[in-house]
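The structure appears right after this line, and notes come after that.
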Amino acid sequence: MNAKLLEAIKKSAAVPSVPQVVTRFLEIMQDPGFEYDDLVKVLSADAGTVSEILRLVNSALFGVRHKIVSLRQALPLLGPMRTRSLLVGRYLVDTMSKKNVQGLDMSYFWRRSLASSVVASRFAEAVLPRHRDEAFISALLADIGIPILAEAMPDRYRPIAARYAPRGVAFNADDEMEAVELTHAELSAMVLTHWALPEVVCKAVNLHQSTNPGEGDAAAIARLLSASDSIARLLCEIPDTALITSVCTEATAFIGGNVDLLIQILPNIESDVEELADVLRIDVIPSNVYALIAKTIQDKLREVSVAG
C-alpha cells in the first residue's frame with residue numbers, strides 16, 4: 004500500500020465529503036449517554052433520509068417481522084450501529100451515484116454493486132446470519148474505490164476501469180498495484196473508515212480481493228463479498244454457460260456452502276435488486292434481465308445437481 008498516495012487521494016475532490024447530518028449524528032453517538040430523541044431530531048431534518056431508511060429497513064433484505072412506521076420506532080430496534088451503517092451507506096450511495104466518471108460504465112457499476120449486495124445479504128442469511136447487515140452494506144460499497152481511482156488518476160487507472168464492464172477482462176489486486184500502486188479495496192476501505200463505518204465492515208472491504216483473507220469475522224464477511232461479486236458479475240452480463248458451474252461452485256465453496264444455496268436465492272434476485280435500487284434512488288432500467296440470467300444459471304446448476 005502506498006500510504007502517501009492514499010492520503011493524497013483522500014484529500015482530493017474525488018473522495019466525497021461527509022455531510023453535516025452524518026457528522027452531527029456521529030457526534031451525538033460519541034456521548035455514552037445519548038438519547039434516541041436527539042438522533043431522531045438530527046435525522047428528521049432530512050425527510051428523504053427518514054423515508055429511505057424506513058423503506059430499506061422494511062424491505063425483504065432486512066426481514067423485520069413487524070412493519071416499522073417511524074424513525075422513533077426504528078432506532079431502538081436497529082440500534083445505533085445498524086442505523087449508522089444505513090445512514091452512511093445511504094449518503095455515500097447518493098453521492099457516488101451522481102458521479103459520471105469518464106472511461107467507466109457507471110450503469111454497469113451500480114447494477115453489479117446492487118446485485119452483489121443482494122447476493123451477499125442472502126448468502127449471509129444462510130451462513131453468517133449475525134453479520135447479515137454488515138455483509139449487505141459491505142458488498143454495496145466494496146467497489147467504490149474503482150470510480151474514485153478512475154476520477155483521481157484517470158490516465159493511469161483508465162485501462163483498469165475499462166475492464167470493469169460487461170464481458171470485460173477481470174482484473175485483480177496485482178493489476179491495480181502495477182498500474183497505480185493502490186488497490187480499489189484499500190481505497191474503498193479508507194473511504195468507509197473516513198465515513199466512520201464499523202471497523203469490521205472496513206476490514207472486510209479491505210480484504211475482499213484476497214484469495215486467503217484469513218480467520219475472524221472480517222475475513223468471513225470478505226469471503227461473502229468475493230463470492231457475491233463473482234455471482235453478481237454473472238448476473239450483470241450474458242454469462243458463458245460453460246463457466247457457470249465452475250464459477251458458482253467455487254464461489255459457494257469459498258463461503259462454506261454449495262450450489263444448492265445459490266439455487267434457492269436466485270428466483271428472488273430480480274425483485275430484490277429492483278426494490279433496493281428504488282429505495283436508494285439508483286436508476287436501473289426495469290427489465291427481466293436479472294431474472295432471465297438467474298434462470299439460466301439456476302437451470303444449469305440444477306442439471307449439475309441432478310447429475311451429481
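When we follow this note's numbering, the leftmost residue of the sequence shown carries the number 4, and every step to the right adds one.
For each residue, glycine too, the CB sits at the ideal point set by N, CA and C.
Looking at C-alpha atoms only, which residue of the options is the closest neighbour of residue i?
i, options, result
"L246", "T299, R58, V121 and R125", "T299"
"A297", "A256, E277, V262 and L237", "L237"
"L144", "E55, K44, L107 and A207", "A207"
"V204", "V250, D108, A142 and A173", "A142"
"I31", "A17, L46 and Y160", "L46"
"T244", "E179, D302, N5 and A235", "D302"
"Y160", "D178, A123 and P169", "D178"
"L42", "E278, K13, K70 and L74", "L74"
"V25", "I151, L95 and A165", "L95"
"A199", "C251, T86, K101 and V250", "T86"
"L29", "S233, I71, L9 and M84", "M84"
"R93", "D34, V122, L57 and E10", "L57"
"D40", "H69, A222, R68 and Q76", "Q76"
"A223", "T248, E128, A168 and P162", "E128"
"V108", "E306, D263, T248 and C239", "According to the sequence as given, residue 108 is Asp; it is not Val. It is C239."
"D158", "Y167, H197 and G106", "G106"
"E55", "R68, V72 and K44", "V72"
"K101", "V276, E10 and V18", "V18"
"T98", "P22, T252 and A235", "P22"
"A235", "Y167, R27 and K7", "Y167"
"K44", "L78, K70, F65 and T252", "L78"
Is the beta carbon of residue j closer than 8 Å to that of residue i?
i, j, result
"V130", "G259", "yes"
"R272", "A63", "Here residue 272 turns out to be Ile, not Arg, going by the sequence shown. Going by C-beta atoms, I272 is not nearer than 8 Å to A63."
"A294", "F126", "no"
"V104", "A153", "yes"
"V287", "R114", "yes"
"N209", "A192", "yes"
"S120", "L279", "yes"
"A165", "I149", "no"
"I151", "I12", "yes"
"F139", "A155", "no"
"P169", "Y111", "yes"
"P201", "S88", "yes"
"V250", "S233", "yes"
Are there 16 or more other CB atoms within 10 angstroms of the CB of residue i, so buried, or fewer, so exposed?
i, result
"N215", "exposed"
"Q212", "buried"
"S20", "exposed"
"E189", "buried"
"S2", "For the chain, the structure presents residues 4 to 311; residue 2 sits outside this window and is missing."
"V172", "exposed"
"H187", "buried"
"I241", "exposed"
"G256", "Rather than Gly, the amino acid found at residue 256 in this sequence is Ala. Exposed, since its Cβ has fewer than 16 Cβ neighbours within 10 Å."
"L304", "buried"
"L195", "buried"
"V60", "buried"
"A321", "Any property of residue 321 remains undetermined from this structure, which presents the chain solely from 4 to 311."
"D146", "buried"
"L80", "exposed"
"E38", "exposed"
"A225", "buried"
"A254", "buried"
Verify the contact flag: residue i, CB atom, against every heavy atom of the ligand FAD, threshold strictly below 7 Å.
i, result
"D158", "In terms of ligand content, the structure shown is empty, and the ligand FAD therefore cannot be addressed."
For residue i and chain C, any beta-carbon pair shorter than 8 Å?
i, result
"S124", "Looking at the structure shown, chain C is missing, and only one protein chain is on hand."
*Say whether the segment 47-58 touches the segment 257-273, bearing in mind that this needs 3 or more beta-carbon pairs closer than 8 Å, one atom from each stretch.*
no
*asked:* Across the segment 178-198 and the segment 132-139, are there enough close Cβ pairs to call them in contact, namely three or more that are closer than 8 Å?
replied: no
*Note down, one range per segment and in chain order, each alpha helix (DSSP H) of at least 4 residues found wholly within the segment 88-168.*
Qualifying alpha helix (DSSP H) stretches, in chain order: 109-130, 135-144, 148-155 and 157-164.
*asked:* Suppose only complete runs of 4+ residues qualify. What are the alpha helix (DSSP H) ranges in the segment 35-75, listed by chain order?
replied: 39-46 and 50-60
*Hey, which unbroken runs of the alpha helix (DSSP H) at 4 residues or more fall wholly within the segment 243-307?*
244-257, 262-268 and 272-282
*Along the chain, which unbroken stretches of the alpha helix (DSSP H) at least 4 residues long are found entirely within the segment 179-227?*
187-197 and 202-210
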